[in-house]
Structure formats: C-alpha cells, structure tokens
Amino acid sequence: MSECREAALTLAHAFAADDYARYLLDDAGDTDGGGGGRDLATEEERWRLHVDILTYNVASHCMSGLVTAVGPECDSVALWIPPGKHLDGWWTVLRSGLWKLHFRLSAEGKARLFQEILPLLHDTKAAVLGDRDDDAWYLVYLGTKPNSQGRGYAARLLHDMMARADAENRPVYLESSSQANNAYYEKFGFEVKRDIFLERGSVPVRLSAMVREPRAPGCKVARASSHAKKKMLVGIVKGMRS
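Numbering follows UniProt numbering, in which position 211 of the sequence shown is assigned residue number 211; successive positions increment by one, without gaps.
Structure below.
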C-alpha cells in the first residue's frame, strides 16, 4: 500500500490544478443535505480526498491493471488497463477502497461520478473504438511531479507501452483533459477522435478521446531526451494478475 500511496501522491501533485480532477471536488457540495457524503468546506479537505481518490485508483490498477513508474522518487506514473481487462469487479472495488467513494463524495459528487462521468467515458470509448474496444490498451492516468517535468519521464513511460502495443498490433486509447495535453500526445501519434463535455458544474469540462494506431517497425515518433535515457530506470510498481 505504501507504493500505491507514493504513486498516488505523484499523480495528485501532477493533477492538482487539472479541471477534470477538480470536477469531483469543486462545486460538488452536498446541496440537498440528505444525499450522503458532506460538503468539502476547506481546500485541505479537498486535497485529502483528491489524494485518496487517486490512491484507490492506483490500488485498483495494481490489482487488475498495470501501474508503471519511472524516476528515483517515483517521479512519473502511468495507470493502464490492458486489453480485455476491467476494474469494476467486486473484489477489486472492495480491496482497492473504491467502494469508499460512495461515502466520501457528496451527493453531487456521487452524481457526477456514477451518473455522468463513468457512463460517459464507457460509452465514448465503446463508440470511438467500436469492435476494438476490448482490444486496446487504455491509458487512464499519466502524470509527472511538477518539479520533475521536462526530463522526459512521461515520454519514457509512453514509449515503453507504445512499443508493446505496436508489437501486439493494438491501438492505445486515452482521454486528455487539456489542449496542452492534446498537443503533447499528438507528438506521439495520438489523434483526437471526439470531444466530450462534463456539464454538471458551473463551467463545462472538456475531455478529448484520443487514439494512437499501432505502428509498423521503424516509424518515427517523439523520443525521450538522451538525458532521460541515461538517468531513468522504468519500474513496474505492480503488474497484472491473470
């Protein structure tokens, strides 16, 4: 669990100001007073919940997906769902702590997650990938600590998994939460296939569904820096369980 917490903290700092990550925390108070959960009155409470949400997510990927990390201090972390795998099995939900979100989130926060976000992401991925929905690698999170950015860490994590996807002739799918991230992923061969919007907040949050098609050997994409290649060692926090 300590490894999960360390990886979660990396993602928490990477996504501290991200519109999508904040969507469950900001403007999501328990406005009806009777829906379970409670209003997140302080920024400190929001931060604790933000870290806990990511801890549950990292744990679920350790159990039923794949978590990769790079850097001496777990500087960059990626959460992946392998082809044909799912994280909603009751044992994974129970052991990872994801079930706690039913009690940790406000009524509005639960509505956003369970009635809006999860169905929309599921349906969009199915629509974009079609009959390849269960045949793709799914990048759920990729984040680098702010003070470790610019060193090629995230690129290294992407390259390792893209090489695997290419060898298996599989697409890679993700949702990007900013135009800056869209531009970053495009350097690696991802293309925006559809924009979707989360609309229960005061300002709509846009997510871009992006796909990278498998490449033939020898195709050129963005490379990690030579400094990163010398200094980094990719490590699997924990892999899939069959």
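Glycine is no exception: its CB is placed at the ideal position from the N, C-alpha and C atoms.
No experiment lies behind these values; they were computed from the predicted model shown.
Which residue's Cα is closest to the Cα of residue i: the options?
i: residue 268; options: Y56, A107 and E108; result: Absent from the model: residue 268. The displayed extent of the chain is 1 to 242, so no value can be given.
i: R104; options: E3, H50 and A180; result: H50
i: Y23; options: A165, H102, P82 and E116; result: E116
i: A165; options: S178, V58, S96 and A216; result: A216
i: L198; options: L142, S176, P214 and M63; result: S176
i: residue 245; options: E3, D26 and A14; result: This structure gives no information on residue 245, because the portion of the chain shown stretches from 1 to 242.
i: M210; options: V140, D18, A14 and R48; result: V140
i: A96; options: H122, V58, D123 and A136; result: Here residue 96 is Ser; the residue named in the question, Ala, does not match the sequence. Comparing Cα positions, the closest option is V58.
i: E3; options: G201, M63 and F114; result: M63
i: A136; options: A167, F114, L142 and L118; result: A167
i: D18; options: S178, F114 and Y185; result: S178
i: R200; options: Y184, H122, F114 and A183; result: F114
Contact check, residue i vs residue j under 8 angstroms by CB: the rounded distance?
i: H20; j: L174; result: According to the sequence shown, residue 20 is Tyr rather than His. With 8 angstroms as the limit, Y20 and L174 do not qualify as a contact, their Cβ atoms being about 12 angstroms apart.
i: W91; j: Y138; result: Actually they are not in contact, since the Cβ atoms of W91 and Y138 sit about 20 angstroms apart, beyond 8 angstroms.
i: Y153; j: G71; result: 5 angstroms
i: L101; j: I53; result: 7 angstroms
i: A14; j: T144; result: 6 angstroms
I want to see whether chain C comes within less than 7 angstroms of residue i, judged by CB atoms only; does it?
i: S177; result: The structure shown contains no chain C, having only a single protein chain.
Take residue i and list the residues in its own chain whose beta-carbon comes closer than 7 angstroms to its own, dropping the five residues that flank it on each side.
i: A127; result: none
i: R132; result: P171
i: N181; result: none
i: R5; result: T55
i: D134; result: P83 and G84
i: L98; result: Y56 and S60
i: K231; result: Residue confidence is low: K231 scores 38 on pLDDT, short of 50, so the model does not pin down where it sits. Its coordinate-derived value is still stated next. Closer than 7 angstroms at Cβ, skipping near neighbours: no residue.
To which residues of the same chain is residue i closer than 8 angstroms at the C-beta, ignoring the five residues directly before and after it?
i: E44; result: none
i: G33; result: Unreliable positioning characterises G33 in this predicted model, as indicated by a pLDDT of 38, which lies under 50. The coordinate reading is nonetheless provided below. Nothing meets the Cβ criterion.
i: L118; result: none
Excluding the 5 residues flanking residue i on each side, which residues of the same chain have their C-beta closer than 6 angstroms to its C-beta?
i: E213; result: P171
i: L142; result: A78 and A154
i: H86; result: none
i: F190; result: M210 and R212
i: V93; result: W99
Entirely enclosed alpha helix (DSSP H) segments - the UniProt domain "N-acetyltransferase" (77-212), minimum 4 residues: Those alpha helix (DSSP H) runs which fall completely within the UniProt domain "N-acetyltransferase" (77-212) and span 4+ residues are 90-96, 101-104, 107-110, 118-129, 153-168 and 179-186.
Touching by the beta-carbon criterion (3+ pairs, under 8 angstroms), the stretch 4-18 and the stretch 58-77: Yes: the two stretches touch, three or more of their Cβ pairs being nearer than 8 angstroms.
Inter-stretch contact (C-beta, 8 angstroms, three-pair minimum) for the stretch 181-200 and the stretch 115-130: In this structure the stretch 181-200 touches the stretch 115-130; the number of beta carbon pairs closer than 8 angstroms is three or more.
Cβ pair count under 8 angstroms reaching 3, the stretch 100-111 against the stretch 144-159: Judged by Cβ distances under 8 angstroms, the stretch 100-111 makes no contact with the stretch 144-159, as fewer than three pairs qualify.
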